[in-house]
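The structure appears right after this line, and notes come after that.
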């Protein structure tokens with residue numbers, strides 16, 4: 267669960283970093299100005315839609331940092347040289363190999379595959395994939 271007071275503090279850091287007023291920030295992410303005011307005052311908790319709009323419109327904001335303060339802000343994208351030197355430092359291979367390509371399978375096939383994989387008889391309604399650049403894809407059945 268998101269701590270509303272700490273979330274508001276992180277939201278204030280974003281406003282300061284971009285030198286935006288609450289009203290300008292609301293306009294930029296296409297939400298009502300009162301929504302920002304209510305979140306900053308602690309009256310309301312942020313919705314998932316609100317959080318995703320922030321992450322989508324401000325790529326330097328990491329999702330996990332915004333939600334629970336873990337990570338860093340502003341995020342610095344890794345350069346290829348930084349990635350290769352990081353890989354050379356590690357002696358053991360990761361538990362899960364990195365994905366080299368984005369899955370390009372049509373949405374229908376994904377839905378069928380995932381439905382059969384569940385095995386519990388429950389039908390999956392939606393799958394959301396979050397990427398490290400802050401973007402995401404949503405697949406609905």
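Numbering (my numbering), first residue to last: 267 to 407. C-beta atoms are modelled at their ideal positions from N, C-alpha and C, and glycine is treated no differently. Since the structure is predicted, the reported quantities are computational estimates derived from the model, not experimental observations.
About 16 Å separates the CB atoms of residue 311 and residue 295; that is not less than 8 Å, and the two are not in contact. According to the DSSP assignment, residue 390 belongs to no alpha helix (DSSP H), since it is labelled neither H nor E. When the five nearest sequence neighbours on each side are left out, the beta carbons in the same chain lying within less than 8 Å of the beta carbon of residue 276 are those of 331, 332, 335 and 339, in order along the chain. The residues 328, 330 and 331, in chain order, have a CB closer than 7 Å to that of residue 337 in the same chain once the five nearest residues on each side in sequence are set aside. Of the residues assessed, residue 289 falls on the exposed side of the cut-off, its CB having fewer than 16 other CB atoms within 10 angstroms. Per DSSP, reduced to three states, the secondary structure at residue 271 is helical. Membership of residue 315 in the alpha helix (DSSP H) is indicated by the continuous run 314–323.
Distance from residue 321 to residue 400 at the Cβ level is roughly 5 Å; contact confirmed, criterion being Cβ atoms closer than 8 Å. Here residue 324 is buried. Its C-beta has 16 or more other C-beta atoms within 10 Å. Per DSSP, residue 291 is one residue of the alpha helix (DSSP H) stretching across 288–295.
A Cβ-Cβ contact shorter than 8 Å links residue 297 with residue 316. One Cα belongs to residue 271, the other to residue 406, and the distance between them is close to 33 Å. In the three-state scheme derived from DSSP, where H, G and I count as helix and E and B as strand, residue 403 is classed as strand. Between residue 392 and residue 398, the alpha-carbon positions lie close to 20 Å from each other.
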